[in-house]
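Residue numbers (this note's numbering): 876 to 1130.
The C-beta atom is built at its ideal place from N, Cα and C for all residues, glycine as well.
Okay, structure coming up:
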């Protein structure tokens, strides 16, 4: 395991886009791009949490905790695309190839509890928003495998899948993989029918096949919050949690 960056606050929302590695540092409010051995802050978000993805035309979209879904403007700045209302913060984001944006909400106050049912809201390219799934047990990381949306249910120890309809609706809900004693956080799809997930309490990243077969486990020295794979390398953001100080890292593991 190679440490690429030490001293992150709380890394999340890892993405590989346009030949570069991107991530969010929730503790410092930065959207960062990593290349040539260093990270560059490309935007700052005055909210917590916030996650990123890209529309098919290449524009970045950002979901903020309090609900503005931001979209990149022609001058590179982030402007409000649609306002999403919810009593609790929004969490992760995923965009399908038709430009539908999916954002999830854990459905309760994380610090005060008790846990409640989480939701997924879909936003069409025209900016029309509607709830497309509910009853999720702490929906966390999301990723698309073709026309299948996969959601990590951290409190449910499972990955749940939906078929994505052309209009952005979600159908055919099913357990994609039951994960014994796991708490999946951020996820990525390295190949059809496979998912890597990062796990905070178990301090690891795990590769599973649809159905739940574990293909590989990589231990970490602190909690795993998110991961992404490119060119035979697994990148992960990790942190000592809970902690009041910046003890996060960006690490790389050759596969």
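query = Pick from 886, 1055 and 903: whose alpha carbon is nearest that of residue 1099?
reply = Considering only alpha carbons, the answer is 886.
key: DSSP state of residue 1046 mapped onto helix, strand, coil   = For residue 1046, the three-state secondary structure derived from DSSP is strand.
request  = Leaving aside the five residues before and after residue 910 along the sequence, list all residues of the same chain whose C-beta is less than 8 Å from its C-beta, in chain order.
outcome  = Apart from sequence neighbours up to five positions away, the residues of its chain that approach residue 910 with a beta-carbon distance below 8 Å are 895 and 896, ordered along the chain.
message = Considering Cα atoms alone, identify which of 1084, 1089, 977 and 1058 is closest to residue 1078.
response = For residue 1078, the nearest C-alpha among the options comes from 1058.
request  = Evaluate the contact criterion for the stretch 1023-1041 versus the stretch 973-987: three or more CB pairs, one atom per stretch, below 8 Å.
outcome  = Yes, the stretch 1023-1041 touches the stretch 973-987.
request  = Might you give, ordered along the chain, the residues of its own chain that have their beta carbon closer than 7 Å to the beta carbon of residue 992, omitting 5 neighbours on each side?
outcome  = Listed in chain order, the non-local C-beta contacts of residue 992 below 7 Å within the same chain comprise 982, 1009, 1010 and 1011, local neighbours out to five positions each way being set aside.
inquiry  = On the DSSP bridge list, what partners appear for residue 1128?
reply    = Its beta-bridge partners are 1109.
N- and C-terminal bounds of the beta strand (DSSP E) containing residue 1067 = Neither: residue 1067 is in no beta strand (DSSP E) and is coded neither H nor E.
inquiry  = Considering only their Cβ atoms, is the gap separating residue 1124 from residue 883 smaller than 8 Å?
reply    = Taking a C-beta distance under 8 Å as the contact criterion, residue 883 and residue 1124 qualify as a contact pair.
request  = Answer yes or no: do residue 1082 and residue 1054 have a C-beta to C-beta separation smaller than 8 Å?
outcome  = Cβ atoms of residue 1082 and residue 1054: not closer than 8 Å.
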